[in-house]
Amino acid sequence: MQNGPGSIGSRWSAALVVALVMGAGGSVGASDEAKEEPFAGWERTATRDDDLAWAVYVETEPAPGMPAFRIETSFEVPPGVASRTLMAAMSDNEPTTSGERRVLMERSANSALVHSFVDLPFMFSDRELAVRIVASQDAATGIHRIDWVEENDQLPPPQDGVLRLRTSGYWEFRPRAPFGTFATYVSRAEVGGSLPAGIRDRLMRGQAEDAVERLARLIGEREAAAVVAPPPKDLESDLGVE
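Each step along the sequence shown adds one to the number in our numbering, with nothing skipped, and position 9 is 9.
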């Protein structure tokens, strides 16, 4: 059954798309670039100024049924650290939402193919998609990127009552002196069902923001885990540490 406007199934599908792609979701600093004028084709709709500062943009002419959001922010880690943290999260088998199953179909040094399937209540259509994730870097500029796009043709024919979703997007991590990163997140995602455009867009914007917050949290957890442990006792004695 197709989801009706405002139905639980429609709300769930909207809330799940970005989580499916993200696979997840140092300290985070204020973004200088987040204060720039809007980019061509994008309209700034919101800003945030705290320990995770950002500017949120909406695409002025999105593809039908695929709302697009762009978020400019920054992290206090190098681009390579941000990129590796994200790639590890996006290419694992851990579910990101209740009822979701994730299967890593392919993995190479710089690429992954992940199949995500979400079971919804019996009166609603289940959702699934296969996502190709590719990590790249430019040695000359120090820029790292992670791009993704659906590759549903890699899946067998869908079961009855299952909707295949479209999605695409990227993270771009650019060097920020002295050791930080300017970050751009762009996501275009099909919701599925018949949710009204206004509600759909609000949900998808919220999920885009959640994706940025998740990456910030993962970076923070990685940095905390990398804190140097105290030296061994014998080394402390050699150094004269009481």
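Glycine included, each C-beta is placed from N, C-alpha and C at the ideal position. Because the structure is a prediction, the values reported are computed rather than measured.
Output the distance between the C-alpha atoms of A82 and V162, rounded to the nearest integer angstrom. Cα to Cα, the separation comes out at about 34 Å.
Give the DSSP-derived three-state secondary structure of S91 in the structure shown. Of the three classes helix, strand and coil, the one that applies to S91 here is coil, per DSSP.
Closest by CA to G65, which one among R188, A109, N152? Comparing Cα positions, the closest option is R188.
Opening and closing residue of the alpha helix (DSSP H) in which E213 lies: Per DSSP, E213 belongs to the alpha helix (DSSP H) from 197-225.
Taking DSSP as the reference, what is the three-state secondary structure of Q159? Three-state result, Q159: coil.
Could you name the residues of the same chain whose beta carbon sits closer than 6 Å to that of R222, not counting the 5 residues immediately before and after it, in chain order? Counting only Cβ-Cβ distances below 6 Å, and skipping sequence neighbours, we find T85.
Residues near K35 by beta carbon distance below 6 Å, same chain, minus five either side: Low per-residue confidence applies at K35: pLDDT is 46, beneath 50, and the placement is therefore not dependable, though the value from the model is reported in the following sentence. Contacts found: none.
Can you name the start and end residues of the beta strand (DSSP E) that S108 belongs to? That residue, S108, is in no beta strand (DSSP E); it is neither H nor E in DSSP.
Need the endpoints of the beta strand (DSSP E) that D147 sits in, please. 143-150 is the span of the beta strand (DSSP E), which, as asked, contains D147.
Taking the C-alpha atoms as reference points, what is the distance between P175 and V58? Here the C-alpha atom of P175 lies approximately 24 Å from the C-alpha atom of V58.
Closest residue to A208 among D138, G142, T167, G220 (Cα-Cα distance): Checked all of D138, G142, T167, G220; the closest Cα to A208 is T167.
Does V114 get closer than 9 Å to chain D when you measure Cβ to Cβ? The question asks about chain D, but that chain is absent: this structure has only one protein chain.
Taking Cβ positions, are F69 and V149 nearer each other than 9 Å? Contact: no.
Which of the three DSSP states is assigned to L52 in this structure? Three-state DSSP puts L52 in coil, outside helix and strand.
With distances taken from CA atoms, which of P196, Q159, V131, T184 is nearest N93? Ranked by Cα distance from N93, the options P196, Q159, V131, T184 are led by V131.
So what does DSSP say about R261, is it helix, strand or coil? What is shown of the chain runs 1 to 242, which leaves residue 261 out entirely.
Out of curiosity, what's the CA-to-CA distance linking L52 and S74? Between L52 and S74, the alpha-carbon positions lie close to 8 Å from each other.
Might you give, ordered along the chain, the residues of its own chain that have their beta carbon closer than 6 Å to the beta carbon of A140, omitting 5 neighbours on each side? Taking C-beta separations shorter than 6 Å and ignoring five residues to either side along the sequence, A140 has no partners in its chain.
Along the beta strand (DSSP E) that carries P178, what are the first and last residues, could you check? Taken as a continuous stretch (DSSP letters only), P178 belongs to no beta strand (DSSP E), as it is neither H nor E.
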